[in-house]
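Have a look at the structure below before the remarks.
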Amino acid sequence: MRWADELIVPVPQREVQIALASADERLSSYHAELMRLRESIWAEPESAADVVDRIAHAFQDSPLAWLDQLPFPVASALWTAETATSPGDKQRAYLHAWEGVATFHATVLLSVIRCDPARSSEIETTIAQTLRDHHLSIERASFGTWVVIAEKASKELRDSLESEDPDDVARIRKSFAGLRRSGIERLISKDVVKKLSEVNHKRNRWSGHSGYTSPDEWQAQVASLESDLTSLRQLLGNVWTDLLLVRAGSTRRTQDGYIQTAEVAVGSRSPFRTQEFRIGEPMIDGELYLVRDGAQSPLRLAQFVQLRAAPRNAQYTTYFYNRTEGRSVRMVSYQHGPESEVQADAEGFRSELGALV
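Using our numbering, you'd call the opening residue of the sequence shown number 6 and step up by one each time.
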């Protein structure tokens, strides 16, 4: 049995063991509760429907069940599409929502790129040239504009992550607010960009069709877009439950860093709940960030996606950058709200465009 003296048994790091033990304990408690509920319906048959309703959402795979996990700018646009009444209105709302998805995703990746100022200008210049090659521009942003930005930014991030250089990997993880590598790989996946590109091609094909569209055709297009949404959910998984979109609030200093209160901009409805986050660097009050509790550096989101609140009821509306027109910047909304578009000062927005122009 001397061979056993040299047997090597792989053991995860201590923090991984603790996390796994904690997860296993929680899952065991959920299982016990599920068994208790299962037994209870036999004693009280009239409660069966209520019991099923309480737990069904945890096992739903429909796009609608996903909305409560998504960042508010995306979730609210998708909710608008989901609640549209006619097939034609639903198709148009879903196309707008998908453009919002592309804008938000590209903005996240661009924000990460800008965490490295030494490289950002060069990368953005390359993106700008690619846009020109495709007869696109950031001044008149379209669905295709955001697909190109997402494609180029994600490739740059994949190259850095796949280099396995410890410094590059650490830098990328820090830029994503400490998100696990598996989550980062989902966000920078080629397949996500491919899905955005596919939907953009559908949009161009359907929008270019000027003839009569029957109700059956509308329904088929809506079903196609909903199927794409299911595919996107499979690609992204639960990444947006690990990386939360927040609107920064008040901060207090501690010996270990900062504790900052923020509105958690997740799901399709507002006002938002508030939560305290332990962070290493404070967030600017009122700005949008992606953050994880305990993150050293929350990720500040570029201003291509903005939240604006109605003063009297704190109901937020999301506005996405659309184009620059003279001295004004046009921001559009894809959700139910008081205004479908708003104007901003182009001079004040110029820094957000960076080297993309």
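For every residue, glycine included, the Cβ atom is placed at its ideal position computed from N, Cα and C.
Bear in mind the structure is a predicted one, so any value in this text is a computation, not a measurement.
Separation of residue j from residue i, as counted between CA atoms
i	j	result
P17	I154	38 Å
R208	L100	7 Å
L42	S236	32 Å
M40	L25	22 Å
R145	E292	24 Å
S33	F325	43 Å
T135	T259	46 Å
P50	Q96	42 Å
P92	S219	10 Å
D164	D221	44 Å
E127	S168	19 Å
R313	A48	51 Å
I132	K157	6 Å
I46	A54	9 Å
S52	D196	44 Å
L184	P171	16 Å
P15	Q22	12 Å
D29	S202	39 Å
P303	E44	45 Å
K199	A86	22 Å
E281	D247	15 Å
L115	A307	8 Å
S232	A182	31 Å
Q311	V57	38 Å
G213	R19	58 Å
S273	L240	21 Å
A89	A98	7 Å
H139	V296	34 Å
A111	S159	9 Å
F109	A123	24 Å
E357	A107	17 Å
A351	D261	40 Å
E330	W84	30 Å
L361	R305	18 Å
G353	F309	13 Å
Close beta carbons around residue i, own chain, < 8 Å, minus the five adjacent residues each side
i	result
L166	D173, V174, I177, R186, I189, E190 and I193
V271	D73, Q74, L75, P76, F77, A80, W245, L249, L250 and F277
P343	A315 and T322
Y263	T256, R257, R283, I284, G285, E286 and P287
R328	E144, R145, A146, V334 and R335
S3	A question about residue 3 goes unanswered here, because the residues of the chain that appear run from 6 up to 362.
L162	L114, V117, I118, I177, I189 and I193
Q348	S333, V334, R335 and M336
T279	G254, T266, A267, E268 and V269
Residue i CB to nearest heavy atom of the ligand MG below 7 Å
i	result
A123	Within the structure as shown, the ligand MG is missing, as the structure has no ligands at all.
Same chain, Cβ closer than 6 Å to residue i, neighbours up to 5 away in sequence not counted
i	result
Q320	S275
G359	E129
S142	L136
N205	F148, G149 and V152
S180	V117 and C120
A82	A102, G105, Y339 and Q340
W223	P92, G93 and Q96
S125	I118 and R119
Range covered by the alpha helix (DSSP H) that runs through residue i
i	result
D94	P92 to I118
I193	I193 -> no alpha helix (DSSP H), and no H or E assigned at all.
T364	The first residue shown for the chain is 6 and the last is 362, placing residue 364 beyond what the model contains.
R137	P122 to D138
P171	P171 to S180
Identified DSSP bridge partners for residue i
i	result
P76	V271
A350	The sequence as given places Asp at residue 350; Ala does not occur at that position. Note: D350 sits in a beta bridge opposite S333.
R145	R328
7 Å CB neighbourhood of residue i in its chain, flanking five on each side removed
i	result
A253	Q265, A267, M288, I289, D290, G291, E292 and Y294
Q226	Q96 and W211
E346	R335, M336, V337 and S338
D364	Since the displayed the chain opens at 6 and closes at 362, residue 364 lies outside it and no answer follows.
G242	R191
In chain order, which continuous runs of the beta strand (DSSP E) of length 3 or greater are located wholly inside the stretch 316–347? Under the rule that a run must span 3 or more residues, the beta strand (DSSP E) segments found entirely inside the stretch 316–347 read 321–330 and 333–337.
Give the list of continuous alpha helix (DSSP H) stretches no shorter than 4 residues that lie fully inside the stretch 241–325. Entirely contained in the stretch 241–325, the alpha helix (DSSP H) runs reaching 4 residues are, in chain order, 244–247.
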